[in-house]
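S.K.:
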Amino acid sequence: MKVKKNFLAVLSLSTALVLAACGGGGEESSEDGKVTLDFWTFGATNYESLAEEYMKDNPDVEINVKTSELGDHHNSLFTSISAGTGAPDLAMIEVDQLDRYREAQERFVNLYDLGAEDVQGDYLDWKWNMAESTDDDFLFGLPTDIGPKAMYYNVNVFEEANLPTEPEKVNEMISTPDQFADAAKTVSDETGKPMVDSMEMAYRANMDALEQSYFNEKDELIIDQEGNEVKDAYDYAVSLYEEGYVGSYEMWTPEWATALNKGDFAVEMAPAWLKGYMTENAPEGKGNWRVATLPSEFAGNWGGSYVTIPAETEHSEEAYEFAKWLVSPENQLKSFEESGLFPSTPSVYEMDEFVNNSDEYFGGQNTAATFAEAAKEIPAVYKGPKYVTVNNEVLTALRNVQEGGDPEKEWKDAVKRIEGLVAR
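FYI, in mature numbering (1 follows the signal peptide of the UniProt record, and there is no 0) the residues of the sequence shown are -20 to -1, 1 to 404.
(1) Three-state secondary structure (DSSP) at V(-3)?
(2) Under the rule that 16 or more other beta-carbon atoms within 10 Å means buried, what is W232, buried or exposed?
(3) Take A262 as the anchor and find which of Y133, T238, T124 has the nearest alpha-carbon.
(4) Classify T273: buried if its beta carbon has 16 or more other beta carbons within 10 angstroms, exposed otherwise.
(5) Write down every uninterrupted run of the beta strand (DSSP E) in the region 87 to 167 whose length is 3 residues or greater and which is fully enclosed by it, in chain order.
(6) Exposed or buried, which one is D177 when buried takes at least 16 other CB atoms within 10 Å?
(7) If we count the other Cβ atoms within 10 Å of its Cβ and call it buried at 16 or more, is S285 buried or exposed?
(8) The beta strand (DSSP E) with M179 in it runs from where to where?
(9) Is the region 167 to 182 in contact with the region 378 to 385, if contact means three or more CB pairs nearer than 8 Å?
(10) Going residue by residue through the region 210 to 295, where are the continuous alpha helix (DSSP H) segments of at least 4 residues, counting only ones entirely within it?
(11) Tell me whether the beta-carbon of residue 481 lies closer than 8 Å to the beta-carbon of Q192.
(12) D102 and S327: beta carbons closer than 8 Å?
(13) Anyone know if the C-beta pair for E28 and M35 falls short of 8 Å?
(14) Please determine if the region 154 to 166 and the region 218 to 229 are in contact, where contact requires at least 3 C-beta pairs separated by less than 8 Å.
(15) Terminal residues of the continuous alpha helix (DSSP H) containing T347?
(16) To the nearest angstrom, report how far apart D52 and S276 are at their CA atoms.
(17) Alpha carbons only, please: which of D169, D158, N136, M131 is nearest the one belonging to N151?
(18) For T325, which residues from the same chain have a beta carbon less than 7 Å from its beta carbon, with the 5 sequence-adjacent residues on both sides left out?
(19) Using the Cα positions of E197 and H54, report the straight-line distance between them to the nearest angstrom.
(20) Do P128 and P251 have their C-beta atoms closer together than 8 Å?
(21) Near E112, which residues of its chain fall below 8 Å by C-beta distance, leaving aside the five closest residues on each side in sequence?
(22) With DSSP run on the structure shown, which of helix, strand or coil describes M331?
(23) In this structure, what does DSSP give as the bridge partners for Q192?
(24) Using 8 Å as the Cβ pair cut-off and three pairs as the minimum, do the region 62 to 69 and the region 286 to 299 touch?
(25) Would you decide whether Q205 is buried or exposed? Buried here means 16 or more other CB atoms lie within 10 Å of its CB.
(26) Measure the C-alpha to C-alpha separation of D212 and E383 and round it to an integer number of angstroms.
(27) By DSSP, does G6 sit in helix, in strand, or in coil?
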């Protein structure tokens, strides 16, 4: 696969000089014989402590971990890959961003060339397959965590609405999208509270479960084709809103955190990694939340990453050995226990620490078991290089609907904007 010209647009000389000055991967071994690996990460992980552990057992390797915010991280990596200088030896890539780098396949090491097929059986098939090239001959990265979704529900709100509160009963009560809407009506009628926090979450209910969304594997925009299910996901979110079942609590805002604390909405359809946020940022909600399975139509993945090796490195074998160790089942269990990163290695789901997990924040429930069940039902999804850009336009349309816009007009306007962005 040849790198596309628009991806490898020539950067200015000043940018290239800055990148060269900043340095990156491919450092020569130091005078004491150590191999130095630069590892770029994002978000809250335990990878720094794992790197320290690895260096103790491998004194000939030094690992420099650099952590940035998700957006800054991917922009810096994209720039360095484009320029051909300044890339690290290893880099995390978030699943929604992965297809953005497929146009630059030649700028990454094919992990199949380093023996990755030997560990393929350790990982969920769908997670592994998403990191392969379309011809299955190239592997971009080794799987880290995943984001299987489930239904976080507030016990107090359900109780006030005279709905069951035990996870098993909630699973039975809400097993289809129609039953979800029925429960939302009950919550609204009995408590006056919305079922869902925001339009984005109402939309993602269906969206994260689609095997094909905005693009096909030829990177052709298919959002407005007949039979495409993105419009169905949009319409479902609009229908919930028009019935009064959707709140205005945008994720990550202070208002949203307060609503989590106080139980101002009934349900959050979110991935396993939300548990860590709630524990840290919604302490008053402790004991008031439980986790149930989502209807199968909503069973999807949101989040998770891969560890890649940019081709610029001079130490691909050493980088691969570290990456393979970092995301092994044993270390994915550590990452789960220490940072809440949900494992993509199903053997962990059978380990005692996982089977006997008790989550105090969620009333002692073994929430891990619920997410493990969800993880096995997730389809492999092709997202496309401009997935994030296109998705943001649809979310803009939904927010406009919430502010009084006509749903059909907002949809058509969004499609028009998207077509223009993709054509650039």
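Backbone N, C-alpha and C define an ideal beta-carbon position, used for all residues, glycine too.
M.R.: Once the coordinates are examined:
(1) Per-residue confidence for V(-3) stands at a pLDDT of 40, beneath the threshold of 50, marking its modelled position as unreliable; no derived number is given.
(2) Exposed is the call here.
(3) T238
(4) Around the beta carbon of T273, a 10 Å sphere encloses 16 or more other beta carbons of the protein chains shown; the residue is thus reported as buried.
(5) 121 to 134
(6) Buried, since its Cβ has 16 or more Cβ neighbours within 10 Å.
(7) buried
(8) Per DSSP, M179 belongs to no beta strand (DSSP E); it is in the alpha helix (DSSP H), 179 to 187.
(9) yes
(10) Within the region 210 to 295, the runs of alpha helix (DSSP H) that reach at least 4 residues and sit entirely inside it are, in chain order, 210 to 222, 234 to 242, 254 to 261.
(11) Residue 481 lies beyond the stretch modelled for the chain, which goes from -20 to 404, so this question has no answer here.
(12) Less than 8 Å separates the beta-carbon of D102 from that of S327.
(13) no
(14) yes
(15) 347 to 355
(16) 34 Å
(17) M131
(18) Excluding sequence neighbours, T325 sits near D102, Y103, P309, Q312.
(19) 22 Å
(20) yes
(21) F118, L119, F120
(22) coil
(23) DSSP lists Y362 as partners of Q192.
(24) yes
(25) exposed
(26) 21 Å
(27) Any reading at G6 is ruled out, since the residue's pLDDT is 48, under 50, leaving its predicted position unreliable.
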